[in-house]
Amino acid sequence: MKGFQTKKLSTALLLPIIATVFSVLMALTIIDAAAEKLHLTGELSIEAEHILTITADAAEDAFWTYNEVSLNKIGETLANYQAVASIKMMDADNQLIFETSKRTKPYDNKYLYPSFTREIIRNNQKIGEIQLVFTTYYLNQAITTAIFLGFIRTLFIILIIVALIIFRSKNLSGSIDKIADGVKAFSEGDTETRIQVKDSHEIKNLADRINRLFEDILESRTKLTENYEELEKQEEALRMSEERYRYAVEGSNDAIWDWDLQNSEYYVSKRGLQMIGLMEQNSMSLESWMCFIHPQDRAHFENYLQGFYQNNSNFGQIEFRVIGSKGETRWLFCRGKGIFDQNNKLMRVSGFYTDITDRINAEEAINKLAYYDVLTGLPNRAMLFEHSNQLLAESEQAGKSGALLYIDLDNFKAINDTRGHAAGDHVLVGIAKELVEAIHYDTIARIAGDELIVINKDCTMMEASKLANEIMRIISNPRNIDGFEFIITCSIGITMFPEDGTDINKLLMNADSAMYHAKEQGKDQFKFFEQSANEMMVKKIELQYEIRRGIRDREFVLYYQPQIDFLTGLICGVEALVRWQHPTRGLLPPFEFIELAEESGLIVPLGEQILTEACRQSVIWENAGYKDLTMAVNFSAKQINKKDIVEVVFGILRKTGMRPELLDIEITESIAMENLENTLSIIKKIKNKGVKFSLDDFGTGYSSLNYLHKLPIDHLKIDKQFVQNMRPGSFEEVVIKATIEIAHSMNLVVVAEGIETEEQFEAILAYNGDRAQGYLFSKPVPAKELETLLNNDLKPIEGS
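Numbering (our numbering), first residue to last: 20 to 819.
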């Protein structure tokens, strides 16, 4: 050790040199570990994206078909990856399909890496989502091992240096001083310095090793710089992604809400504040949000929130009303998802609000249309059937008798024919209003043009007679119509329940029979139903026989009413309408026989005969040069529900050679809803051939938007009652506008029936209707007369 006292490298400097070398080597080890961590973290991110890409490709079809078995297998395969800590798969509505989490030590929360999410998109539509969470446990183990080995390496090098100094201090002090100077210079920032020694093999190797350490440090610094720059790029990409998400939330028509139960904070996005008329800067708490909820819905909403605590499912939805800052009422649809911790404790609830006010208003208008007569405001047939079941049950439980009165105005057609339909409608409205105000009833409804039903669930035959007389007195009051006085009478059929039956259909049939009996006896009177003297049934049987003979002898003929394209004013199609060329009674309109044909089942062979003739006529016109003229044919309930109807339609198309795309089958709402599942199946099979379908008389039946969405129809026909009763600002005008808008949003062609005036035509044209049909253009005519209209190129109305 004496040599060290005479040299620059003294014993006093030995420890600082060793400390410096140790610090440099450990700094190298730590830098290497940091670089390795960044490297491994980057590889983990790349591996995660790679796994997500492969999984998304593999799971796309499974999400599209909602194949839970395939999705479970994919989830189980992902779980086999050592670095994967948890997996979640959710559908397009964020409902959980598959979830698994590993619970062992390597997968504790402190080791979890932020989750990676991939949305599954098909046809620009989100169909699912996959979330993966990775553990950094094994990454940390690798880094710890690297630091430990680096520490051992440093100690080993220090030991070597100390040994060399001790055993060769005299000869090596100069070289060690050079090494010390080089290490010091390098540590002070001189990255160009290198240690040059001319000494023994061991010292030179040490100097070379330190030089290599210098190179490694420089290389590690370069890698660290590159990794830092890459990390900055990733952070910038994340910032941009968050910015895009914020723009998406702010631009969405839906509002985002979040209830943080840990911090008792409630957040509603800008759009949610706008829904209740508040500005963006207004703060919101759950209590203040509850103040805007309609008082009648507040408890319902509170129960909805409590449901996240009580129900096993973490999804929930609700519809409720809010009252805006200006007093306006709006309907909101709310959907939320509960988020739980590992102990299944509810941490927060998040979701969205959608303003459904327009949809609710439209449905209420359609529902009103479904259950109430648009002219008189009375319940219609659908409401009668729903309400009557309850009335009949109450009467039966009370052990009391009740009466059903079937009222039919006598010779009402004369008013329509002489004074016009507007005058007739005025009379009907007046009679309905007077009856509602004057008589005692449990139900009063309008079920047809001039037919009313009155039900009294607690009524004897004597009281029913008094009620009938009172109704006849009210209806027979003189009425002034356009300066002319009319005396209107009525015929009433009365049936008692439960004596005559307990089923509304049977009671209506009984009362109808009694009413016809009253008409046969001279009208302006009432009759009670008599089971033993049911003359109407005899007449029906006779008429049924005549219909059967008429089908056999081909007495039924087709008339055709043109449909006009609103834009061109030209004929674009026709509707085939049946008439009966009766051998003794002459040409009969459909109302004389269709109802009985439907009731007896004869409508099936008659319908096939009508379809065959219509298809045959279409081919004749096609060959004559009248191209692309659609042929609309009405189908009855019994026809559409016939087991072999698909084969029948296809067989007629083959037999006649008609182009399927020109055939337009018309069904009513009530027919479609009678057996919805079967109807949908039949329509889809026939449409596969190219045949089109129309929903006829829209507005007189169920009129449900939900059902309308389900039916795969092509055309929507607005019932003529709406067109003929349409006035500026009227309910009919609102319904027609809404119907056209809804139909066009579903890519349906809208046909307006019953157009009789130029004003009606211009109004529907202004509402963007597609086709027009009515007496303004032509009544139903034989095929030859229609060809004359085609040859004359029916023009648009003057001024349209």
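Beta carbons: idealized from backbone N, C-alpha and C, even for Gly.
query	result
Alpha helix (DSSP H) runs wholly inside the segment 770-803, at least 4 long, in chain order	777-785
Buried versus exposed call for Pro801 [16 or more other C-beta atoms within 10 Å across all chains shown]	exposed
Close Cβ partners of Val448 (< 7 Å) along its chain, the five nearest in sequence each way excluded	Leu394 and Thr395
Rounded straight-line distance, which links the Cα of Ile702 to that of Val710	9 Å
Simplified DSSP assignment, three categories, for Gly512	strand
Contact check, Ile180 vs Ile70, beta carbons under 8 Å	no
Assigned exposure category for Glu321 - 16 Cβ within 10 Å defines buried	exposed
Sequence ranges, alpha helix (DSSP H) only - wholly within the segment 635-718, length at least 4	656-659, 664-675, 688-693 and 695-706
Whole alpha helix (DSSP H) elements within the segment 98-153, 4-residue minimum	none
Neighbourhood of Ile821 by C-beta distance below 7 Å, restricted to the same chain and skipping five residues each side	This structure cannot speak to residue 821, because the chain is shown only from 20 to 819.
Same chain, Cβ closer than 6 Å to Leu115, five either side skipped, listed in chain order	Met109
Asp831 vs Arg367 beta-carbon contact at 8 Å	Since the first and last residues shown for the chain are 20 and 819, residue 831 lies out of range.
C-alpha distance - Arg317 paired with Pro517, whole-angstrom precision	44 Å
Residue from Glu696, Asn707 and Val754 whose Cα sits closest to the Cα of Lys729	Glu696
Extent of the continuous alpha helix (DSSP H) to which Gly355 belongs	Segment Thr348 to Phe359 is the beta strand (DSSP E) holding Gly355; no alpha helix (DSSP H) there.
Outcome for Tyr156 when other beta-carbon atoms lying within 10 angstroms are tallied against a minimum of 16	buried
Nearest candidate by alpha-carbon position, reference Asp273, set Trp350, Gly61, Ala226 and Glu249	Trp350
Those runs of the alpha helix (DSSP H) which lie wholly inside the segment 419-473 and span at least 4 residues	431-438 and 440-457
Proximity below 8 Å, CB of Ser239 to CB of Ala81	no
Buried or exposed (CB count within 10 angstroms, at least 16 for buried), Leu714	buried
For Lys356 and Arg137, the rounded distance between their alpha carbons	19 Å
Rounded straight-line distance, which links the Cα of Thr154 to that of Pro125	7 Å
Spatial distance of Ile732 from Glu693 (CA atoms)	16 Å
Whole-number beta carbon distance between Ile149 and Ile139, since they are thought to touch under 8 Å	7 Å
Cβ distance (whole Å) where Ile1 is taken to contact Ser532 below 8 Å	In the structure as shown, the chain starts at 20 and stops at 819, and residue 1 therefore has no counterpart that could be examined.
Residue closest to Glu68, alpha-carbon to alpha-carbon, out of Leu97, Val40 and Leu47	Leu97
Residue interval of the alpha helix (DSSP H) (run including Phe404)	Arg400 to Ala417
Sequence-distant residues of its chain with Cβ nearer than 6 Å to Glu338 (five each side left out)	Phe352
Inter-residue CB distance, Thr820 and Ser420 (contact presumed, cutoff 8 Å)	Because the chain in this structure spans residues 20 to 819, residue 820 falls outside the shown range and cannot be described.
Collapsed DSSP secondary structure at Pro581 in the structure displayed	strand
Three-state secondary structure (DSSP) of Arg604	coil
Identity of the residue in Asp522, Leu324, Gln325 and Lys432 nearest Ile507 by Cα	Lys432
Residue burial classification, Lys476 (beta-carbon count within 10 angstroms, cutoff 16)	buried
Beta-bridge partners of Glu284, as assigned by DSSP	Asp279
Start and end residues, alpha helix (DSSP H) containing Met765	No alpha helix (DSSP H) contains Met765, which DSSP labels as neither H nor E.
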